[in-house]
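A.B. asks: A single structure is presented below for examination.
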Amino acid sequence: MSNTIYNKADSILEIRGIDYISGQMHDRIKAISNKSTDEEFKKIYKELSANTGNDGFFLRSHVIEELSRLSDNEISRYLKYRYAYEVYPQEKIVTLYPPLVQIEPTSICNYRCVFCYQTDERLTNKKNGHIGQMSLELFKDIVDQLEGNVEAITLASRGEPTVNRHLDKMLQYLSGKFLAVKVNTNAFKLDEKLSHAILESDIQTLVFSADAADAQLYSELRVNGNLDKVLKNIRRFISIKEKCYSNSRLITRVSGVRYDKRQSIESMESLWGDLVEQVMFVDYNPWENVYDSNKKGINIPCTDLWRRMFIWWDGKVGACDVDYLTTLMSASVKDNSISEIWQGELYHSLRKSHLENNRENIEPCTRCVTI
Ligand code: SF4
Numbered sequence: 031m032s033n034t035i036y037n038k039a040d041s042i043l044e045i046r047g048i049d050y051i052s053g054q055m056h057d058r059i060k061a062i063s064n065k066s067t068d069e070e071f072k073k074i075y076k077e078l079s080a081n082t083g084n085d086g087f088f089l090r091s092h093v094i095e096e097l098s099r100l101s102d103n104e105i106s107r108y109l110k111y112r113y114a115y116e117v118y119p120q121e122k123i124v125t126l127y128p129p130l131v132q133i134e135p136t137s138i139c140n141y142r143c144v145f146c147y148q149t150d151e152r153l154t155n156k157k158n159g160h161i162g163q164m165s166l167e168l169f170k171d172i173v174d175q176l177e178g179n180v181e182a183i184t185l186a187s188r189g190e191p192t193v194n195r196h197l198d199k200m201l202q203y204l205s206g207k208f209l210a211v212k213v214n215t216n217a218f219k220l221d222e223k224l225s226h227a228i229l230e231s232d233i234q235t236l237v238f239s240a241d242a243a244d245a246q247l248y249s250e251l252r253v254n255g256n257l258d259k260v261l262k263n264i265r266r267f268i269s270i271k272e273k274c275y276s277n278s279r280l281i282t283r284v285s286g287v288r289y290d291k292r293q294s295i296e297s298m299e300s301l302w303g304d305l306v307e308q309v310m311f312v313d314y315n316p317w318e319n320v321y322d323s324n325k326k327g328i329n330i331p332c333t334d335l336w337r338r339m340f341i342w343w344d345g346k347v348g349a350c351d352v353d354y355l356t357t358l359m360s361a362s363v364k365d366n367s368i369s370e371i372w373q374g375e376l377y378h379s380l381r382k383s384h385l386e387n388n389r390e391n392i393e394p395c396t397r398c399v400t401i
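Heads up, the sequence shown is in this note's numbering, so the first residue is 31 and it goes up one at a time.
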């Protein structure tokens with residue numbers, strides 16, 4: 031497997047299933063901007079409309095899809111978030127809150143995918159203290175801090191969110207508070223009750239993590255997984271969505287990690303294409319062995335430090351999920367507020383080191399391919 035450079039904002043390799051609607055969307059955003067008195071939003075629109083290439087701020091097709099499902103009132107909020115997510119990490123602007131927060135309902139996973147840190151016993155051995163489930167109380171406290179300050183939340187990180195038995199209540203608590211909530215799941219535990227809980231909530235994107243279209247390859251990559259069971263669960267979910275929640279604006283996506291040359295977007299489409307709205311591969315990042323891998327010789331500042339914060343199940347803060355053993359940070363949302371940590375000394379010195387070309391002296395950044 032080659033060590034390709036991995037840029038989070040650009041990590042989508044292949045995608046199908048979305049019509050480019052930039053013409054219509056552009057007209058709609060223009061009309062909203064013309065009526066708006068929000069100078070920040072007007073500036074963003076101006077930059078967007080002047081941009082005809084793939085540099086600077088532009089809208090990818092899956093972002094357009096998310097935008098198209100929002101009301102006019104929500105569009106300016108969403109675009110401001112998206113701008114902060116994509117442009118601020120390039121310009122090294124630190125906001126009051128992270129543009130995106132990834133919350134980990136649990137670090138436990140029922141799978142042992144070959145490309146995942148769940149294969150590392152330093153993470154999964156309970157004695158090391160990395161394994162557990164977030165309490166509903168802590169989750170609510172985090173959401174209370176983020177509501178009104180952050181638009182994008184992803185429920186997922188080191189573990190499988192559906193393992194947390196409070197997930198339905200967590201989704202209920204999130205409802206209506208954010209514009210870009212994404213939940214990632216391997217769908218193994220996606221039963222009827224949880225399907226209703228997801229569809230009753232107001233999340234924007236449900237991502238089914240699957241990398242192959244045949245059972246053999248799926249099981250090789252997603253160790254402990256079962257493609258037949260996952261397919262059955264996803265089919266039932268889609269059927270419930272169509273029958274009981276026909277007005278739902280939820281986007282469904284199958285997303286695989288491009289890891290093995292036997293994978294192909296065509297076979298993925300033929301299996302998943304009629305079930306979900308988006309099918310994509312994301313680039314492989316060697317998550318499973320960063321601490322033991324070779325130094326990569328990359329000295330470009332990592333965009334994650336300006337883009338997103340990870341909050342683990344126990345309130346500890348991770349700079350990224352590449353550092354799944356949390357060696358870079360020693361902060362907890364139980365001790366300080368999310369905004370204090372994001373703007374605090376630990377993040378500041380890590381960002382400074384990256385900006386001053388010291389990434390190669392930081393573990394595990396020196397072994398990581400994220401830029
Ligand atoms: S390990 Fe360092 S370089 Fe890699 S994603 Fe994390 S912060 Fe960025």
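Each residue gets a CB set at the ideal place from its N, CA and C atoms; glycine is no exception.
1) Below 8 Å, how does it come out for the stretch 373 to 391 and the stretch 215 to 234: are there three or more Cβ pairs, yes or no?
2) Mind checking which residues open and close the beta strand (DSSP E) that includes V237?
3) What are the residues that DSSP puts in a beta bridge with F340?
4) Give me whichever residues DSSP pairs with Q308 in a beta bridge.
5) DSSP has D313 in a bridge; who is on the other side?
6) Helix, strand or coil for G206 per DSSP?
7) Could you say which of D102, K259, Y127 and E69 lies nearest to W336 if we only look at CA atoms?
8) When the Cα of R107 is compared with those of E181, Q175, R58 and L89, which residue comes out closest?
9) I'd like to know if C395 contacts chain D, where contact means its C-beta is closer than 7 Å to some C-beta of that chain.
10) Where does I123 land, buried or exposed, given buried means 16+ other C-beta within 10 angstroms?
11) Is C395 buried or exposed, if buried means 16 or more other CB atoms sit within 10 Å of its CB?
12) Start and end of the alpha helix (DSSP H) containing A9?
13) So V320 and R397 are supposed to be a Cβ contact under 8 Å. How far apart are they, rounded?
14) Please indicate yes or no: does the CB of A186 lie closer than 6 Å to some heavy atom of ligand 1?
15) Should D150 be counted as a contact of ligand 1 given a C-beta to heavy atom distance under 6 Å?
16) Can you tell me whether V352 sits near ligand 1, meaning its C-beta is under 6 Å from at least one heavy atom of the ligand?
17) Ligand 1 heavy atoms versus the CB of D334: any closer than 6 Å?
18) Under a three-way DSSP split, which group does S32 fall into?
19) Leaving out five residues before and five after I51 in sequence, what residues of the same chain have Cβ atoms less than 7 Å from its Cβ?
20) If I measure Cβ to Cβ from N140 and keep anything under 8 Å in the same chain, skipping five residues before and after, which residues do I get?
21) Which runs of the beta strand (DSSP E), 3 residues or longer, sit entirely within the stretch 213 to 259?
22) Please state if the CB of Q308 and the CB of H92 are separated by a distance shorter than 7 Å.
23) Look up V173 in the DSSP assignment and say whether it is helix, strand or coil.
C.D. replies: To lay it out plainly:
1) no
2) T235 to S239
3) Q132 and G348
4) Within the DSSP bridge table, the entry for Q308 names R283 as partners.
5) R288
6) coil
7) Y127
8) E181
9) Of the protein chains in this structure there is only one, and it is not chain D.
10) Around the beta carbon of I123, fewer than 16 other beta carbons lie within 10 angstroms, which makes this residue exposed.
11) buried
12) In the structure as shown, the chain starts at 31 and stops at 401, and residue 9 therefore has no counterpart that could be examined.
13) 5 Å
14) No, Cβ of A186 sits at least 6 Å from all heavy atoms of ligand 1.
15) no
16) Yes, ligand 1 has a heavy atom inside 6 Å of this Cβ.
17) yes
18) Unreliable positioning characterises S32 in this predicted model, as indicated by a pLDDT of 29, which lies under 50. A coordinate reading is not provided.
19) With a pLDDT of 42 at I51, under the threshold of 50, the modelled position of this residue cannot be trusted, and the question is left open.
20) E190, V193, N216, F218, K219 and N254
21) Fully enclosed beta strand (DSSP E) runs of 3 or longer: 235 to 239.
22) yes
23) DSSP, reduced to helix, strand and coil, places V173 within a helical segment of the structure shown.
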